[in-house]
Amino acid sequence: MRTKCLIPTLLYGSALLAQISLDPLVTATICNGEAFDLSFQIIGTYDPGNVFSVELSDGAGSFATPTTIGMLNGTSAGTISCNPMGADGTGYRVRVVSTAPVDLSGASSEVLTFANPNAGMDAFVTLCGTPSPIDIGSLLNGNPEPSGTWTIMAGTGILVGPNGPYVGLTYGSNILAYTVDVAGCTSTATLTIDCVEPPNAGVNGAIVLCSTDPPVNLFDLLGGTPSFGGTWTSPAGSTMSGVFDPSNDPAGIYSYTVVGTPPCANETAQVAISVAQAANAGSDAAITICDSDAPLLLIDQLSGTPAPSGSWAFNSVPHSPVFVPGTDAAGCYVYTVPGSAPCLAEQSSVCVTVNNCFQQPGSEFHPPYPDE
Numbered sequence: 009m010r011t012k013c014l015i016p017t018l019l020y021g022s023a024l025l026a027q028i029s030l031d032p033l034v035t036a037t038i039c040n041g042e043a044f045d046l047s048f049q050i051i052g053t054y055d056p057g058n059v060f061s062v063e064l065s066d067g068a069g070s071f072a073t074p075t076t077i078g079m080l081n082g083t084s085a086g087t088i089s090c091n092p093m094g095a096d097g098t099g100y101r102v103r104v105v106s107t108a109p110v111d112l113s114g115a116s117s118e119v120l121t122f123a124n125p126n127a128g129m130d131a132f133v134t135l136c137g138t139p140s141p142i143d144i145g146s147l148l149n150g151n152p153e154p155s156g157t158w159t160i161m162a163g164t165g166i167l168v169g170p171n172g173p174y175v176g177l178t179y180g181s182n183i184l185a186y187t188v189d190v191a192g193c194t195s196t197a198t199l200t201i202d203c204v205e206p207p208n209a210g211v212n213g214a215i216v217l218c219s220t221d222p223p224v225n226l227f228d229l230l231g232g233t234p235s236f237g238g239t240w241t242s243p244a245g246s247t248m249s250g251v252f253d254p255s256n257d258p259a260g261i262y263s264y265t266v267v268g269t270p271p272c273a274n275e276t277a278q279v280a281i282s283v284a285q286a287a288n289a290g291s292d293a294a295i296t297i298c299d300s301d302a303p304l305l306l307i308d309q310l311s312g313t314p315a316p317s318g319s320w321a322f323n324s325v326p327h328s329p330v331f332v333p334g335t336d337a338a339g340c341y342v343y344t345v346p347g348s349a350p351c352l353a354e355q356s357s358v359c360v361t362v363n364n365c366f367q368q369p370g371s372e373f374h375p376p377y378p379d380e
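When we follow our numbering, the leftmost residue of the sequence shown carries the number 9, and every step to the right adds one.
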């Protein structure tokens, strides 16, 4: 019975001989992810196997349910490295407790602040073109705090205010840093905006050609400043060279497509081609007739397939399409078929020679011999 009474007394006496006191903290603000050191002093003797532990209060400074954030095996004063274990905010205090004997220091006089600024996570964004302005705050990953500031690291753009928006993106890489500062602790995330130049197929064009015009390069018919290296397709959707021959190729919509680099889509411009059929006045002819011959249609004397829509003239004076021997003068009669723009009018001529073929009664007609 006596022994049972002495043990608590001895332990209590040993604890009275051992005391722990805290040294002032170097800083009362601890940044996220950083450890801090807590130095302490002792008075008295601590038993072998003793462990000094640093306990962290809650945000109200209460040690009702403390969290151990650092330990040191030993029997003498020292410094304990502490990991705040994700604590956030202010109002925290620390103390040191021992195991042999069981003892504890008073709470720290400093109120600790654990600063956890959140600038989000780095992001890489690829855009087509250089949109402006752009809300850069929405492009970071994570959940960045809105209280940070932006800094241009690479690029020639301009920040409209410390938090954007950002204007003046350039092709290539535009790099910006976003920094959040809480009580002197900083968090930085990097935003890289890679701007890809979109394809340029030019501006739609249109032309009306004559069926007898020479071949044309369709690229020259596009407006704007189209990029080279695109592909041409015909109205039927087949690939073609990009050279249009009015005499052979069908009229219609010809498309020029320039392939885009992702995320840019392909771009297409079109050339609308109309072809007017050239006028056909046939081919020149020359005839010899008698002044007693029956009237004849001049168009029937032309070679080829002249259009019937033309008009006749003699010495620039309009003339009937009928030549009357013995009445109309010999010479060249010009046939003109009007052209449909942009085709020009087409002309051909019939040159008429009229002979007097009258024969005296009773005379005989002898064709000349070859040697006469």
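Glycine included, C-beta positions come from ideal geometry on N, C-alpha and C.
{"Asked": "If TYR341 and LEU306 are in contact, beta carbons under 8 Å, what's the gap, nearest whole angstrom?", "Found": "5 Å"}
{"Asked": "Report the CB separation of GLY238 from ALA273 in whole angstroms; it is logged as a contact under 8 Å.", "Found": "Incorrect: roughly 14 Å between the Cβ atoms, too far for contact."}
{"Asked": "Is VAL345 near the ligand ZN, in the sense that its beta carbon is under 6 Å from a heavy atom of that ligand?", "Found": "Because no ligand of any kind appears in the structure shown, any question about the ligand ZN cannot be addressed here."}
{"Asked": "For PHE48, list the residues DSSP reports as bridge partners.", "Found": "LEU30, GLY86"}
{"Asked": "Can you have a look at GLY169 and say buried or exposed, based on whether 16 or more other CB atoms are within 10 angstroms of its CB?", "Found": "exposed"}
{"Asked": "With DSSP as the reference, label PHE227 as helix, strand or coil.", "Found": "helix"}
{"Asked": "Distance, Cα to Cα, THR276 vs VAL267?", "Found": "9 Å"}
{"Asked": "What number of angstroms, rounded off, separates the C-alpha of GLY156 from the C-alpha of THR76?", "Found": "33 Å"}
{"Asked": "What residue ranges within the stretch 308-345 form continuous beta strand (DSSP E) runs of no fewer than 3 residues, ordered along the chain?", "Found": "319-322, 325-327, 339-345"}
{"Asked": "Give every residue of the same chain whose Cβ lies closer than 6 Å to the Cβ of LEU30, excluding the five residues on either side of it in the sequence, and list them in chain order.", "Found": "PHE48, SER113, SER116"}
{"Asked": "For a test of the three-state rule: what should DSSP assign to LEU25, helix, strand or coil?", "Found": "helix"}
{"Asked": "With DSSP run on the structure shown, which of helix, strand or coil describes LEU177?", "Found": "coil"}
{"Asked": "Within 10 angstroms of its Cβ, does ASN182 collect 16 or more other Cβ (buried), or is it exposed?", "Found": "buried"}
{"Asked": "Measuring alpha carbon to alpha carbon, tell me which of LEU167, VAL62, PRO74 ends up nearest CYS90.", "Found": "VAL62"}
{"Asked": "Looking only at its own chain, which residues have a Cβ that is under 7 Å from the Cβ of GLY57, when we skip the five neighbours before and after it?", "Found": "ALA108"}
{"Asked": "Suppose you measure from the CA of ARG1 to the CA of LEU64; what does that come to, to the nearest Å?", "Found": "An answer regarding residue 1 cannot be provided, because it is not within the stretch 9 to 380 covered by the chain."}
{"Asked": "Note down the Cα distance separating ILE261 from PRO254, rounded to an integer number of angstroms.", "Found": "14 Å"}
{"Asked": "Note the first and the last residue of the continuous beta strand (DSSP E) segment covering ALA349.", "Found": "Here ALA349 belongs to no beta strand (DSSP E), and DSSP marks it neither H nor E."}
{"Asked": "From VAL211, SER146, PRO350, pick the residue whose C-alpha is nearest to that of GLY279; which is it?", "Found": "Inspection of the sequence shows that residue 279 is occupied by Val rather than by Gly. Considering only alpha carbons, the answer is VAL211."}
{"Asked": "How long is the line joining the alpha carbons of SER235 and THR200, rounded to whole angstroms?", "Found": "27 Å"}
{"Asked": "Given a cut-off of 7 Å, decide if ALA162 and LEU147 are closer than it, judged by their beta-carbon atoms.", "Found": "no"}
{"Asked": "Look at the alpha carbon of PHE331 and the alpha carbon of ALA321, and state the distance between them as a whole number of angstroms.", "Found": "11 Å"}
{"Asked": "Check whether the stretch 309-320 and the stretch 239-253 are in contact - that is, three or more C-beta pairs closer than 8 Å.", "Found": "no"}
{"Asked": "For VAL190, which residues of its own chain have a beta-carbon under 6 Å away from its beta-carbon, when the five flanking residues on both sides are left out?", "Found": "ALA123, PRO125"}
{"Asked": "By a C-beta neighbour count over all protein chains shown, 10 Å radius and 16 as the cutoff for buried, is PRO326 buried or exposed?", "Found": "exposed"}
{"Asked": "Measuring CA to CA, which of SER195, GLN309, LEU184, GLN285 is closest to ASP143?", "Found": "LEU184"}
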